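J.: So the sequences go chain by chain: A and B. Numbers 1 to 318, taken from the numbering used here, label the letters of the first sequence in order. Numbers 1 to 280, taken from the numbering used here, label the letters of the second sequence in order. Every residue gets a Cβ at the ideal spot worked out from N, C-alpha and C, and that includes glycine. Small disclaimer: the values here were computed from a predicted structure and weren't measured.
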Amino acid sequence: MSVTTLPSQRVTHRQPGWIVRLFDYKPFLIVMCLAPAIGLLTVFLTYPLGLGVWLAFTDTTIGQRGIFIGLENFQYLWTDPLWWGAVFYSVFYTAIATFGKFALGFWLALLLNNHFPLKSLLRAIVLLPWIVPTVLSALAFWWIYDPQFSIISYLLVDVLHIRTTNIDFLGTPWPARFSLIAANIWRGIPFVAISLLAGLQTISPSLYEAAMLDGASAWQRFRYITFPMMMPILAIVMTFSIIFTFTDFQLVYAITRGGPVNSTHLLATLAFQRGIAGGELGEGAAIAVSMIPFLVFATLFSYFGLARRKWQQGEAND
Amino acid sequence: MAWDSRARRVMMIYLPLSCFVLILLFPFYWMAITSFKPNAELLNYKEHNPFWISSPTLAHIKHLLFNTAYPTWLKTTMLVAIGSTFLSLFASTLAAYAIERLRFRGSPYVGLGIYLAYLVPPSILFIPLATVIVQFGLFDSPMALILVYPTFLVPFCTWLLIGYFKSIPYELEECALVDGATRLQILRRITLPLAVPGLISAGIFSFTLSWNEFIYALAFIQSGANKTVPVAILTELVTGDVYQWGALMAGSLLGSLPVALFYSLFVDYYVSSLTGAVKE
């Protein structure tokens, strides 16, 4: 049996169908392999990005094609206190939340880098806030910040007797701003901690041993070994964090929708309010486009500011 | 040393660590406990300890499952997440294979280009994308989300998979080539089976990311039945000035469960690929 089947197998090997031979032609194979990814990204990312910039220079509204109006949208935004408010809060939100996330995340990473039982279970638990859909955890925060039934107010007033009245977390501008930042930090800590933990584990223990022999204190070991060694990874993680915090949408939309009195609008929520809810596509697109300079600046700043060492790391993902 | 070393360890490590865990998990605890509290207890802190439930009830979950369209939302979300995950895995596996294995002139630049796509935030894209979706006649259809989500999933998965393909020795493919296998056979029989752990972690990431997505789902979907869980809870369950906290929290809890379960099944892949992606 095998003697008779062998030759025929060999024949089919020598003369595969023309489709198979076409796929063996490397340039064709490369094009076919890249086509789905590049096609999707071109149609749903590159094209809309260009279209968005174009829309920003038109007066398009929902259901009506706009005409080119040059810089008018941007001139209008320049005189719009709401846009300035959103710029202010976006920068403030990003700065404070990033600082909080990195300070606490770094601390948590250092703690998790110690040896103790159930370490991997703890790492898994700690990541939860990052896994669960932001809007759903934001709803939990909304409930925690309830003006009447906030559990924080209950603790402060009825249990600890530190205050006599409930805190109006979301009803007044500054408390609302800080409440949102707290929720953002809460959500961001796990990712920062786990990424930095990965970085910590790449630092060779022999460096610490050498420093200990030289009599360096714990703070000196952190300051002169841990911190500089972590710079490249800090730069990447921070760049990502800044981009995604600055363009955050869901948390603010879910908890305050920009209120009270528009004090917590981020550029993204303002763009949504004007562009989709309000129908002014052109103006909404202009607000979205106005995020780009900030993003470029923040990226360059965090990237080149922190990654002074030539970084060996090729990639990072959020 | 002034301190007893165990006391020092408790103060410096276990105490702050417990605080972190407590704060990071508290919102989930609060979410869960609210879901099972009867309304009488929910808003009465004077007679009931708010941190515990005296008479747990399934009323909120029952209300959610039988009086609202929650099951439909769950189904839609599942459909969108699975659809976009498969589409992204398909596109990014091929792309990563081409970039890493079929090396050609300019392949690093193609890789960099795909990577940069990840840095374009959805908040900048959703307005023009809405007009594109309308042009394609996909407005208000889950198909729109299945096609749009790969814009942030493909860059991510491609980079994850490039790393995986890198770890598979070239020699295996060369041997197969010498033995007369076609390129497609090599991809199907050798490279892909070896990249399965990478495919799994890319799949988990894609699934959770598309389950979480909010802004596109909010902007492109209008009818109640086609909404995804995060959008629907916020736009359909929040009605009037009196919030039904029990039902809202039950909805959040149920909406988080699939992701949390999925994540806990593959947590080792998840954590190691996350740390690996940063390390490499």
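#1: Which partner residues does Gln-244(B) have in the DSSP bridge list?
#2: Just the C-alpha distance for Arg-101(B) and Ala-81(B), rounded to the nearest angstrom, thanks.
#3: Against chain B, with Cβ distances strictly below 9 Å, would Met-229(A) count as a contact?
#4: What's the gap between the Cα of Phe-222(A) and the Cα of Pro-228(A)?
#5: Under a CB-based cut-off of 9 Å, is Ile-61(B) close to chain A?
#6: Grouping DSSP H, G and I as helix and E and B as strand, with all else coil, what is Phe-68(A)?
#7: For Phe-322(B) and Met-249(B), what's the separation of their Cα atoms in angstroms?
#8: Which whole runs of the alpha helix (DSSP H) in the segment 253–317 of chain A are 4 residues long or more, in chain order?
#9: Counting only the same chain and skipping the five closest in sequence on each side, list residues whose C-beta sits under 6 Å from that of Gly-111(B).
#10: With distance defined between alpha-carbon atoms, name the residue in Val-237(A), Leu-55(A), Phe-44(A) nearest to Phe-191(A).
#11: How many Å lie between Ile-189(A) and Gly-305(A) at the Cα?
#12: Would you decide whether Ala-298(A) is buried or exposed? Buried here means 16 or more other CB atoms lie within 10 Å of its CB.
#13: Going by the beta-carbon positions, is the gap between Val-238(B) and Leu-122(A) smaller than 9 Å?
#14: Would you report the Cα separation of Thr-245(A) and Ile-181(A), rounded to the nearest angstrom?
#15: From the DSSP output, read off the bridge partner residues of Thr-58(A).
#16: Would you list, in chain order, the members of the segment 14–37 of chain A that have their beta-carbon closer than 7 Å to a beta-carbon of chain B?
#17: Excluding the five sequence neighbours on either side, which residues of its own chain have a C-beta within less than 8 Å of the C-beta of Thr-269(A), listed in chain order?
#18: Please identify, using Cβ separations under 9 Å, the residues of the segment 23–37 of chain B that lie next to chain A, in order along the chain.
#19: Given Pro-150(B), which residues of its chain have a CB within under 7 Å of its CB, disregarding the five upstream and five downstream residues?
#20: For Asp-268(B), which three-state DSSP category applies?
#21: Relative to the C-alpha of Pro-260(A), which residue among Ser-179(A), Gly-52(A), Val-289(A), Gly-66(A) is closest?
#22: Does the count of Cβ pairs from the segment 197–205 of chain B and the segment 114–130 of chain B closer than 8 Å reach three?
#23: Which stretch, first to last residue, makes up the alpha helix (DSSP H) that contains Tyr-109(B)?
#24: Taking C-beta pairs closer than 9 Å, name the residues in chain B that Leu-234(A) reaches, listed in chain order.
#25: Between Leu-300(A), Met-291(A), Val-296(A), Ser-302(A), which lies nearest to Ile-124(B) when the distance is taken from Cα to Cα?
#26: For the alpha helix (DSSP H) containing Leu-58(B), list its first residue and its last residue.
#27: Give the DSSP-derived three-state secondary structure of Val-10(B) in the structure shown.
#28: What's the C-alpha gap between Gly-137(B) and Leu-145(B)?
#29: Does the distance from the CB of Trp-142(A) to the CB of Arg-187(A) come in under 9 Å?
#30: Under 9 Å between beta-carbons, which chain A residues line up against Ala-98(B)? List them in chain order, please.
#31: Return no unless some Cβ of chain B is closer than 9 Å to the Cβ of Asn-114(A).
#32: Between the beta-carbon of Phe-74(A) and the beta-carbon of Ala-56(A), is there less than 9 Å?
#33: Can you find the residues in the same chain that come closer than 7 Å, C-beta to C-beta, to Ala-130(B), ignoring five residues on each side of it along the sequence?
#34: In this structure, how does DSSP classify Tyr-70(B) when only helix, strand and coil are distinguished?
#35: At the level of alpha carbons, what is the spacing between Glu-283(A) and Phe-88(A)?
#36: I'd like the list of long-range same chain contacts for Thr-77(B), defined as Cβ closer than 7 Å, with 5 residues on each side in sequence excluded.
T.: In brief:
#1: The residue labelled residue 244(B) in the question sits at position 244 within the second sequence. According to DSSP, which records beta bridges pairwise, Gln-244(B) is partnered with nothing at all.
#2: As a first step, residue 101(B) is located in the second sequence; it is residue number 101 there, counting from the start. As a first step, residue 81(B) is located in the second sequence; it is residue number 81 there, counting from the start. One C-alpha to the other measures close to 29 Å.
#3: Numbered from 1 along the first sequence, position 229 holds the residue referred to as residue 229(A). Closer than 9 Å: no.
#4: Taking the first sequence and counting its residues from 1, one reaches residue 222(A) at position 222. Taking the first sequence and counting its residues from 1, one reaches residue 228(A) at position 228. Those two C-alpha atoms are separated by around 9 Å.
#5: Indexing the second sequence from 1 puts residue 61(B) at position 61. Output row for Ile-61(B): interface = no.
#6: On the first sequence, residue 68(A) is found 68 positions in, with the first residue counted as 1. In the structure shown, Phe-68(A) sits in a strand (DSSP, three-state: E or B).
#7: An answer regarding residue 322(B) cannot be provided, because it is not within the stretch 1 to 280 covered by chain B.
#8: 267–272, 281–289, 291–306
#9: Taking the first residue of the second sequence as position 1, residue 111(B) is located at position 111. Excluding residues within five positions, the ones whose Cβ falls inside 6 Å are Ile-99.
#10: Sequence index remark: in the first sequence, residue 191(A) carries index 191 (1-based). Comparing Cα-Cα distances from Phe-191(A) to each of Val-237(A), Leu-55(A), Phe-44(A), the minimum goes to Val-237(A).
#11: Here residue 189(A) refers to the residue found at position 189 of the first sequence. Here residue 305(A) refers to the residue found at position 305 of the first sequence. C-alpha separation (whole angstroms): 22 Å.
#12: The residue labelled residue 298(A) in the question sits at position 298 within the first sequence. Per the 10 Å Cβ criterion, buried.
#13: Here the question's residue 238(B) lines up with position 238 in the second sequence. Here the question's residue 122(A) lines up with position 122 in the first sequence. No. Outside cutoff.
#14: Indexing the first sequence from 1 puts residue 245(A) at position 245. Indexing the first sequence from 1 puts residue 181(A) at position 181. Going from the Cα of Thr-245(A) to the Cα of Ile-181(A) covers about 10 Å.
#15: In the first sequence, residue 58(A) corresponds to position 58, counting from 1. Per DSSP, Phe-68(A).
#16: Pro-16, Val-20, Phe-23, Asp-24, Lys-26, Leu-29, Ile-30, Cys-33, Leu-34, Pro-36, Ala-37
#17: The sequence position of residue 269(A) within the first sequence is 269, counting from 1. For Thr-269(A), where only same-chain residues beyond five positions count, the Cβ hits under 8 Å are Ala-86, Phe-249, Val-252, Tyr-253, Arg-257, Gly-258.
#18: Ile-23, Leu-24, Leu-25, Phe-26, Pro-27, Phe-28, Trp-30, Met-31, Thr-34
#19: Taking the first residue of the second sequence as 1, we reach residue 150(B) at position 150. If we look at Pro-150(B) and ignore the five residues flanking it on each side, its Cβ neighbours are Ser-84, Leu-87, Ser-88, Ala-91.
#20: As a working note, residue 268(B) is residue 268 in the second sequence. It is helical.
#21: Here the question's residue 260(A) lines up with position 260 in the first sequence. Nearest of Ser-179(A), Gly-52(A), Val-289(A), Gly-66(A) to Pro-260(A), Cα basis: Ser-179(A).
#22: no
#23: Numbered from 1 along the second sequence, position 109 holds the residue referred to as residue 109(B). 107–117 is the span of the alpha helix (DSSP H), which, as asked, contains Tyr-109(B).
#24: The residue labelled residue 234(A) in the question sits at position 234 within the first sequence. Correct list: empty, because the minimum Cβ distance to chain B is about 11 Å.
#25: Along the second sequence, read from residue 1 onward, the residue named residue 124(B) stands at position 124. Measuring from the Cα of Ile-124(B), the nearest candidate turns out to be Met-291(A).
#26: The residue given as residue 58(B) occupies position 58 in the second sequence. Leu-58(B) -> no alpha helix (DSSP H), and no H or E assigned at all.
#27: Locating residue 10(B) in the second sequence gives position 10, counting from the first residue. In this structure, Val-10(B) counts as helix in the three-state DSSP scheme.
#28: Walking along the second sequence from the start, residue 137(B) turns up at place 137. Walking along the second sequence from the start, residue 145(B) turns up at place 145. So the two alpha carbons sit approximately 13 Å from each other.
#29: In the first sequence, counting from the first residue as 1, residue 142(A) sits at position 142. In the first sequence, counting from the first residue as 1, residue 187(A) sits at position 187. Against a cut-off of 9 Å, the Cβ pair of Arg-187(A) and Trp-142(A) comes out as no contact.
#30: Translated into positions along the second sequence, residue 98(B) becomes position 98. Under the 9 Å cutoff, chain A gives Leu-29, Ile-30, Val-31, Met-32, Cys-33, Leu-34, Ala-37.
#31: Sequence index remark: in the first sequence, residue 114(A) carries index 114 (1-based). Chain B, which has a Cβ nearer than 9 Å to the Cβ of Asn-114(A), makes this yes.
#32: The sequence position of residue 74(A) within the first sequence is 74, counting from 1. The sequence position of residue 56(A) within the first sequence is 56, counting from 1. Yes, the Cβ-Cβ distance between Phe-74(A) and Ala-56(A) is below 9 Å.
#33: Within the second sequence, numbered from 1, the residue matching residue 130(B) stands at position 130. Correct list, in chain order: Ala-219, Phe-220.
#34: The count along the second sequence starts at 1 and reaches residue 70(B) at position 70. In the structure shown, Tyr-70(B) sits in a helix (DSSP, three-state: H, G or I).
#35: In the first sequence, residue 283(A) corresponds to position 283, counting from 1. In the first sequence, residue 88(A) corresponds to position 88, counting from 1. C-alpha separation (whole angstroms): 19 Å.
#36: Along the second sequence, read from residue 1 onward, the residue named residue 77(B) stands at position 77. Taken in chain order, the residues that qualify are Trp-211, Thr-228, Val-229.
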